[in-house]
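Chains as they are written, first to last, in the working numbering: chain A, 2 to 338; chain B, 2 to 338; chain C, 2 to 338; chain D, 2 to 338.
Where a beta carbon is used, it is the ideal one built from N, C-alpha and C, also for glycine.
For reference, the structure is listed below as C-alpha cells.
Protein chains: 4
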Amino acid sequence: MIVVLNRDADEKAISKVAEKLNRMGYGVHRSTGENRTILGAIGERREEAAHTLEAMPEVEKVVFVTSPFKLASRDFHPENTVIEINGVSIGGSALAVMAGPCAVEGEGQLLKAAWTVKEAGAQVLRAGAFKPRTSPYSFQGMEKEGLRLLEKVRRETGLLIVTEVMDQFTVGELAECADIIQVGTRNMQNFYLLRELGKIRKPVLLKRGMSATIEEWLMAAEYILSGGNYQVILCERGIRTFEPYTRNTLDLSAVPLVKQLSHLPVIVDPSHGTGKSSLVPAMSRAAVAAGADGLLIEVHPHPQEALSDGPQSLNPGQFAALMEELKGVAACVGREL
Amino acid sequence: MIVVLNRDADEKAISKVAEKLNRMGYGVHRSTGENRTILGAIGERREEAAHTLEAMPEVEKVVFVTSPFKLASRDFHPENTVIEINGVSIGGSALAVMAGPCAVEGEGQLLKAAWTVKEAGAQVLRAGAFKPRTSPYSFQGMEKEGLRLLEKVRRETGLLIVTEVMDQFTVGELAECADIIQVGTRNMQNFYLLRELGKIRKPVLLKRGMSATIEEWLMAAEYILSGGNYQVILCERGIRTFEPYTRNTLDLSAVPLVKQLSHLPVIVDPSHGTGKSSLVPAMSRAAVAAGADGLLIEVHPHPQEALSDGPQSLNPGQFAALMEELKGVAACVGREL
Amino acid sequence: MIVVLNRDADEKAISKVAEKLNRMGYGVHRSTGENRTILGAIGERREEAAHTLEAMPEVEKVVFVTSPFKLASRDFHPENTVIEINGVSIGGSALAVMAGPCAVEGEGQLLKAAWTVKEAGAQVLRAGAFKPRTSPYSFQGMEKEGLRLLEKVRRETGLLIVTEVMDQFTVGELAECADIIQVGTRNMQNFYLLRELGKIRKPVLLKRGMSATIEEWLMAAEYILSGGNYQVILCERGIRTFEPYTRNTLDLSAVPLVKQLSHLPVIVDPSHGTGKSSLVPAMSRAAVAAGADGLLIEVHPHPQEALSDGPQSLNPGQFAALMEELKGVAACVGREL
Amino acid sequence: MIVVLNRDADEKAISKVAEKLNRMGYGVHRSTGENRTILGAIGERREEAAHTLEAMPEVEKVVFVTSPFKLASRDFHPENTVIEINGVSIGGSALAVMAGPCAVEGEGQLLKAAWTVKEAGAQVLRAGAFKPRTSPYSFQGMEKEGLRLLEKVRRETGLLIVTEVMDQFTVGELAECADIIQVGTRNMQNFYLLRELGKIRKPVLLKRGMSATIEEWLMAAEYILSGGNYQVILCERGIRTFEPYTRNTLDLSAVPLVKQLSHLPVIVDPSHGTGKSSLVPAMSRAAVAAGADGLLIEVHPHPQEALSDGPQSLNPGQFAALMEELKGVAACVGREL
C-alpha cells in the first residue's frame, strides 16, 4: 500500500502515520516529493488497514499496489484452469456451449428444448427452476418440481445441467440435480451464498453483477476459491449503462482482460447481454473471436410462448444456424466447437 | 399497454397481433398513423404479455402506459404513509434520525456510540451484526453475538434499533431484537427475502440498489407491500456512476421524485452516498431541504479505529454539530427535528 | 406520437389536449384504457410538439412511436451505403483498415508509421494534427504543419488519409489534405460543425460520443446527411461506464444494432475503446466477427516514445500479426481483408 | 508520480525504468515491497511522462499523487474566489440567482421573462441566442438577432446577462452583449474555445460536461485560468446515468467536493439537472443547503408555449414562490438571497 499524506502534513503528522503503520505490522518506506510525502507500507494488502488510515486527517488517500484477489489471480496460478465434467471440458481448447430456455416451464417444453440444443451441438442444458422476478405479480418458476424435471431430462438426454441457485440453503439440493451451479447477477455479492459454494466440490458458474467492476467480480470468485472450491467459471452477461436500446451493454473486453488477470475460464451470455434475439448471433461470434471459453444462450422451442425472456431467445432453427457459423470463428482463434 | 407494430406490418400481420391480444384477454384499439400502426391493449399491465408480444416478429416494441407498482403508488394511496414505532414516527412532520457505527464491534463501542447519538437527538441506533464484505479476508461482523449486544443496548438506552438482515432465514431472529429491519443495497432484489419480509409486521428499511432505477426500487417495495406488510421506509444511498471521487453518487432528486410517485417515507444515507465524512454534513442538510423524512448517518466513537467505514463516519462532536445545524434547515421546510 | 394523459384527466382535460393537438396540425385518435386515456397524434414526429405537450399539467408523458432519424434510417434507405474513395470501398464486402499514430509528431515518425501500416495491408493512414488535450500543459499537436506532413505522406505512399477536424472553420482546409474527415468523440454533438460537414462532398468518419446513446449518434449523422452529404461512416469507440480497468467500455453490440437501424457503414476503434494495447487484438477480432465494416487502430513505430496514447498503440510487429489473424475471421463472416 | 513495476520485473527491468525516469528529469526513489517494486518519481506531474512509462512492458501502472489542476486548486489559492460584476458578487455570502427562458424567442417573451425574474429577486437573466439541437429539424435559436434582444433587455431592465457561446470565433461578439459567458455541457472540453476564453476578461460560467468527472471539469477550468482569466464560475447541471425518470442525475455532492478541491464559485442548474419543473423547487432548496453559491433556473412566461425546455421551466408564480422559500434555507447556511 502507498499512503499519500496531506499537502500540509508536517514532520509530526508524518511520524504519527508512520507509527500507526508500524503498529499495524507494516514496514515503512518514506519518500518525500515536491508536493507530497508518501509512505510505502511494506506488508500485505489489507482493506481494513486502508480504511483506518484514510480516516486519519493526516492522510489524503491510500493507493493499493497489488490487486485484492489472490487465488483468482494469474500471478498465483499461471496456467489456465480447465474444468472437466463428465467428459466435457471448460477452459481448454474446445468451446463449451450451454443453451436452453430461461425457465423450466413444463416437461414437454424442457425435453423439446434439450433435444434441440443437443442436436445442434450444445453440451450443457440451461434452464431455471427458481425465477423470482422484478414484479411480484409475474411467473416465479416451477421451483422444486422444476428441479425434478431437470434431473429427468439429464437422465434422458445425457446433457449436463446448469441451473441457478437462489440462496445458501438450497446449495445441497441443487448440487444433486445440477452439474454446474449458476450464481445469478443479483447474487454475485451474496457472500453467504459464495461461502457455501466454497464448501462444495461442484463447478460454479459465476455471473458478473450487472454493475460490478471486474475487480469485484474476481473478488466474488475469490470467496468461492478461498473455501477450497477451485471450479469457478466466470460469465460476462452485460453491464448497466445509459444506453436504452439494449437491455444491458455486453462488455466483451472483459473476456481478454479477465484472461490476463485470472486463470479461470470465462464464458459469455449474449442473450441477457443484449436482450434482443436479433443481436445474439453477432455477439456470439464476437465473443468467440474475443477468446471466450464458451457461450450461454437462451433457446426456446417457441419464443413467442415463453413465460419469460422470449424476446431474447433464439428458436431452434436460429440456434442450429448459429452453431454452424461459430465453428468457423472458433477455428480462426485456434478453438474447436 | 401500447403495441407498436413493425413498419412493414400489413393487414394480415396486424390481425395476427390483434388476435393474440384478444386471446390474452385484452381489448384492442387500433390506431393507424402515417408510419406505424399501433394497437392499444385495454386491460391490466402484465410483463409476461409484453414479453410474448415483443417476441413476435410483427411487433417492434411494447410501451407501458402505467407504472408497474400498484400498492406502492400514490395513485393507490394518496396520503403519506406515516410509520409509528414506540412513539417515534417516520414520514410525519418530525424528521427521524438513525445514527451509529457501521458494525457492532463490541459492547463498549456500541454503548458509547448509542449514548452519543441519543444525546445529540437521534431516535434510532444503526449498527450491523452481519457484515459480509467484498473481501473474504476482511472482518465479517460479530453475527449472533452482535444481535445480543444490540438487544442489550436497546434496553439500556431506550433507542430504537435498525439493523441489516442478510437472508430470508434470519428474518424471525432479527425481528426479535430490531425495531426496523434493514435490507441492504445488494439485497434490494433478493426476492425471497422481500417475500419473507412481506409476512412480518415490522417496519422494513429498504435501501436502493446501487444500480437500481427508481422503478425497480419501488417494485422491490411492492414485493413487501404485496405480502401485507405496509411499513416500508425507502432509503436513498447513492448510485454507481463513472465519478471516482465519491464512493457513490447520492441521487437526491430521488427524494422529491419518490414523494410524487409513492406514499412511502423516504430517508437518505449520506455516509454511503458519498463515502467521505467531510461531505456528510452538506449532503445531510441538502437531503432535509429536498424533503427527506429522515437520515441514516454513520457515527463512530473513534472513526480511525473503526473496523469498517471509518473514512465515512462522523465522530461524536461532528455529529452533534450537524444535528444542531439540521434544526434550522428542517424548520425552513416545515419539519421538526 | 402517443400522448398519455394524467390519471385524473377528466373529459374537459382530454378535450383541452386534443384541441392543442389539432391546433398543432395533428389528427387525434382517442383510446380509453382502464387506468389512463391515451391520445394517438397522427402526423409527423416533432420534438417541440412533445415538449409543449409535456409542459401541460394534463399530460403525464409523450411516447414516440418512430425514431427521430430519417435519412440515417434503414427504413428510408434499405440497402447498405457503400462509400468509394479512390478505389477503396467502405461498407462493401471488403473490410477497411485505418491505422497509424494518435498524433503527427514529425516527418520521420509519420512516414515510418505510414509504410508500416501500408505493408501490413491498411488502406488508410490515421494521424491527428490538432490534439487539444485534457491538460493545457500537454502537447497540443503540430497543427497546420501536421497537415502539410499528412499531405506529403499521402503523395509518397498513396495511402488515403483520415484526420480529425476540430471546428467548422477548418473544414475547408482539412478537406484539401484529407480523404476522410474525422469528427472526434467530444465533437459528436457540435452541431455547427456537423452542419458545415453536411455542405461538403467528402466522407466523414463520425465517432460516437463517449456518453452518447445510439439514437443521439444516429441523429448526429442525420445532421450531416440532412445537409446533403451522404458519405458518413460511423465509428464505435467505447462509452463511459463505471469500470476503471479499461479507458472506455467498447460497445460492440452497437455494430449489429446500427446495422439494423441504419444503412451507414460502421467501423470500430479498439484502441480508444480499451486504452490498452494488450486488448486491441482480441477486440479487433471480435469487432470483425460482430460485423464491423472496418477498424481504426493506433499503431506507432515506437509506442514508448509516443507523445500521446502510447499505452494503447500497437507496435509494427503486433499490427502485422493482427492483420494476418483478421483475414481468417473476416472470411468466416463472408468478408475480405 | 508512483511507478508500479510488473510482478516479474527483475533488477535489469527496474534499472531500465529508473534510467528512463532520470532521462525525463525525475528524481527516483525506490521502494521494494513484498510483491512489487515501486519507484517514486520526484518532480512535476506530467501526463505524457505517465503515458510513456505505461507503454513500457516493465511497468504495470503509474499512479498520480497530486491532482492535475493547479490554478483551479485550493492548494494554490486557499481563499474563495469572489467574482464582482456591476455590484453583483458571485461566490461571496450572497447567493446569485440567474433565471430566464431556455431560448430567446422574441422581444415580448424575453422582456416579460426579464421583468418577472427581476421582480422575484434574480440578479442575472439567462437566455440562449444560439440553440443548436439534437435534431436538425428543430428550432435552432434566433442567433444574432437574439443577441441584439439580449442587449436591449439588459439596458431596459438593468439585469446582468448570461448567455451561451458556441465556438471560439464568437467569443468577442458575445462578450459585448453578455456579462457572463456560458460554456454549455457539450463544449466543456472544446479546448480551443476554452483557450479563447482564457484571453478575455469576462466571467465564464462553465457547465459540467454531462459525463465529465469532477477532475475533468476542474481541468477545463484550468484551461481558462491558465490563459489569465481568473473569473470562472462552475455550474453543476446533472450527469448521465442509467436512471430514466430524470433527464440527468443532479450530482449535488459535487458542490461540497468542488468547494474542498477548488476556490472557484459553484452554482447549480436544477432545471437541466432534473428535466422536470416539479422537481426544481426541492432541488433548488437542496442545492442552497449543500452550499452552492447560486442557481441557474429556467423560467418562462408560458412554459406550455416555450420553443424548448418547457417541461423543465417554472412559470412566474412558481419562481416567485421558490425565491421566497430559498431565503430561509439561505439564512440557515449563513447566506443571503
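For this session: For chain A, find out if any of its Cβ atoms is closer than 9 Å to the Cβ of A10(C); answer yes or no.
Result: Numbered from its first residue, the third sequence carries residue 10(C) at position 9. Chain A, which has no Cβ nearer than 9 Å to the Cβ of A10(C), makes this no.
For this session: Can you give me the Cβ contacts of I298(B) inside the same chain, cut-off strictly under 6 Å, excluding the 5 residues immediately before and after it?
Result: Walking along the second sequence from the start, residue 298(B) turns up at place 297. For I298(B), where only same-chain residues beyond five positions count, the Cβ hits under 6 Å are A100 and S272.
Exercise. Is the segment 277-285 of chain D in contact with the segment 256-267 of chain B, if contact means three or more CB pairs nearer than 8 Å?
Worked result: yes
Exercise. Can you name the residues that DSSP bridges to K208(D)?
Worked result: Sequence index remark: in the fourth sequence, residue 208(D) carries index 207 (1-based). C236(D), per the DSSP bridge assignment.
Exercise. Taking C-alpha atoms, which residue in T250(B), D76(B), G34(B) and Y27(B) lies nearest to A10(B)?
Worked result: As a working mapping, residue 10(B) is identified with position 9 in the second sequence. Minimum Cα distance to A10(B) is reached at G34(B).
Exercise. Hey, would you say L161(A) sits closer than 9 Å to V89(A), going by beta carbons?
Worked result: For this step, residue 161(A) is matched to residue 160 along the first sequence. For this step, residue 89(A) is matched to residue 88 along the first sequence. Cβ atoms of L161(A) and V89(A): closer than 9 Å.
Exercise. For a contact meaning CB atoms closer than 7 Å, what does E237(B) contact in chain A?
Worked result: Here residue 237(B) is taken as the residue at index 236 of the second sequence, counted from 1. Per Cβ cutoff of 7 Å: no residues; E237(B) is ~16 Å from chain A at best.
For this session: Can you give me the start and stop residues for the beta strand (DSSP E) that A42(C) sits inside?
Result: Stepping through the third sequence from its first residue, residue 42(C) is reached at position 41. First-last of the beta strand (DSSP E) with A42(C): T38 to I43.
For this session: Determine which residues share a DSSP beta bridge with I3(D) and list them.
Result: Within the fourth sequence, numbered from 1, the residue matching residue 3(D) stands at position 2. DSSP output for I3(D) lists G41(D) and V64(D) as bridge partner(s).
Exercise. Between D270(C) and chain D, is there a C-beta pair that is closer than 9 Å?
Worked result: On the third sequence, residue 270(C) is found 269 positions in, with the first residue counted as 1. By this cut-off, D270(C) is not an interface position.
Exercise. For the beta strand (DSSP E) that contains I201(D), what are its first and last residues?
Worked result: Indexing the fourth sequence from 1 puts residue 201(D) at position 200. First-last for I201(D): undefined, no H or E at that position.
Exercise. What is the DSSP secondary structure of T158(A), reduced to helix, strand or coil?
Worked result: For the purposes of this step, residue 158(A) is identified with residue 157 of the first sequence, where counting begins at 1. In the structure shown, T158(A) sits in a helix (DSSP, three-state: H, G or I).
Exercise. Is DSSP giving M189(A) helix, strand or coil here?
Worked result: Residue numbering aside, residue 189(A) sits at position 188 when the first sequence is read from its first letter. Note: M189(A) maps to coil in three-state DSSP.
For this session: Could you work out which residue in T186(B), R202(B), T53(B) and G92(B) is closest to K21(B) when comparing CA atoms only?
Result: For this step, residue 21(B) is matched to residue 20 along the second sequence. Comparing Cα positions, the closest option is T53(B).
Exercise. Quick one: is T117(B) near chain C, going by C-beta distance under 9 Å?
Worked result: In the second sequence, counting from the first residue as 1, residue 117(B) sits at position 116. It does not; no Cβ of chain C falls within 9 Å.
Problem set entry | Unbroken alpha helix (DSSP H) run spanning Q305(D), endpoints | On the fourth sequence, residue 305(D) is found 304 positions in, with the first residue counted as 1. Q305(D) -> no alpha helix (DSSP H), and no H or E assigned at all.
For this session: Decide if R127(D) is buried, meaning its Cβ has at least 16 other Cβ atoms within 10 Å, or exposed.
Result: Residue mapping note: residue 127(D) aligns to position 126 of the fourth sequence, counting from 1. It is buried - the Cβ of R127(D) has at least 16 other Cβ atoms within 10 Å.
Exercise. Does the beta-carbon of R46(B) have 16 or more other beta-carbons within 10 angstroms, so that it is buried, or is it exposed?
Worked result: Residue mapping note: residue 46(B) aligns to position 45 of the second sequence, counting from 1. Looking at its Cβ environment, which holds 16 or more other Cβ atoms inside 10 Å, R46(B) is buried.
Problem set entry | Whole runs of the beta strand (DSSP E) within the segment 63-96 of chain B, excluding any shorter than 3 residues | 84-86 and 89-91
For this session: Please report how far the alpha carbon of A73(A) lies from the alpha carbon of V118(B), in whole angstroms.
Result: As a first step, residue 73(A) must be located in the first sequence, where it is residue number 72. As a first step, residue 118(B) must be located in the second sequence, where it is residue number 117. Approximately 42 Å between the Cα atoms of the pair.
Exercise. Could you give the residue range of the alpha helix (DSSP H) that holds G173(C)?
Worked result: Within the third sequence, the letter at position 172 stands for residue 173(C). From DSSP, the alpha helix (DSSP H) with G173(C) extends over V172 to C178.
Exercise. For L251(A), which three-state DSSP category applies?
Worked result: Counting from 1 along the first sequence, the entry for residue 251(A) is found at position 250. DSSP places L251(A) in coil when its eight states are reduced to three.
Exercise. Between the Cα of G295(A) and the Cα atoms of L253(A), P304(A), H303(A) and Q313(A), which residue gives the shortest distance?
Worked result: Locating residue 295(A) in the first sequence gives position 294, where the first residue counts as 1. Minimum Cα distance to G295(A) is reached at L253(A).
Problem set entry | Neighbour flag for Y231(A) against chain B, beta carbons, 9 Å | Taking the first sequence and counting its residues from 1, one reaches residue 231(A) at position 230. So no, Y231(A) is outside the interface.
Problem set entry | Contact set for G311(A): own chain, Cβ-Cβ below 7 Å, skip 5 residues either direction | In the first sequence, counting from the first residue as 1, residue 311(A) sits at position 310. Closer than 7 Å at the Cβ level, and outside the excluded window around G311(A), lie H301, P304 and Q305.
Exercise. Got a sec, what are the start and stop residues for the beta strand (DSSP E) G28(B) sits in?
Worked result: Here residue 28(B) refers to the residue found at position 27 when the second sequence is read from its first residue. Segment G28 to T33, the beta strand (DSSP E) holding G28(B).
Exercise. Which same chain residues, not among the five before or five after M324(A), have their C-beta less than 6 Å away from its C-beta?
Worked result: On the first sequence, residue 324(A) is found 323 positions in, with the first residue counted as 1. Once the five neighbours on either side are set aside, the close Cβ partners of M324(A) are A121 and G122.
Problem set entry | Burial state of R238(A) (16 or more Cβ within 10 Å) | Along the first sequence, one-based indexing puts residue 238(A) at 237. With 16 or more Cβ atoms within 10 Å of its Cβ, R238(A) is classed as buried.
Exercise. Which word fits F243(C), buried or exposed, when buried means at least 16 other C-beta atoms lie within 10 angstroms of its C-beta?
Worked result: Along the third sequence, read from residue 1 onward, the residue named residue 243(C) stands at position 242. By the 10 Å Cβ count, F243(C) comes out buried.
Exercise. Does the separation of the CB atoms of R336(A) and S68(A) fall below 9 Å?
Worked result: Counting from one through the first sequence, the residue named residue 336(A) turns up at place 335. Counting from one through the first sequence, the residue named residue 68(A) turns up at place 67. Not closer than 9 Å, so no.
Problem set entry | Bridge-paired residues (DSSP) for R127(A) | To locate residue 127(A), count along the first sequence from 1; it is residue 126. The partner list for R127(A) (beta bridge, DSSP) reads V163(A).
For this session: With DSSP collapsed to three states, give me the class of Q141(A).
Result: For this step, residue 141(A) is matched to residue 140 along the first sequence. Coil, per DSSP.
Exercise. Quick one: does S309(D) have its CB under 9 Å from some CB of chain C?
Worked result: Indexing the fourth sequence from 1 puts residue 309(D) at position 308. Interface residue, yes.
Exercise. Taking 9 Å as the CB-CB limit, is C333(C) close to chain A?
Worked result: Here the question's residue 333(C) lines up with position 332 in the third sequence. True, the Cβ-Cβ gap to chain A drops below 9 Å.
Problem set entry | Nearest-angstrom beta carbon gap, A221(A) and L262(A) [assumed within contact, 8 Å] | Residue 262(A) sits at position 261 when you count from the first residue of the first sequence. Residue 221(A) sits at position 220 when you count from the first residue of the first sequence. Contact doesn't hold; Cβ gap of about 14 Å is too wide.
For this session: Mind checking who L315(D) pairs with in its DSSP beta bridge?
Result: Residue numbering aside, residue 315(D) sits at position 314 when the fourth sequence is read from its first letter. V300(D), per the DSSP bridge assignment.
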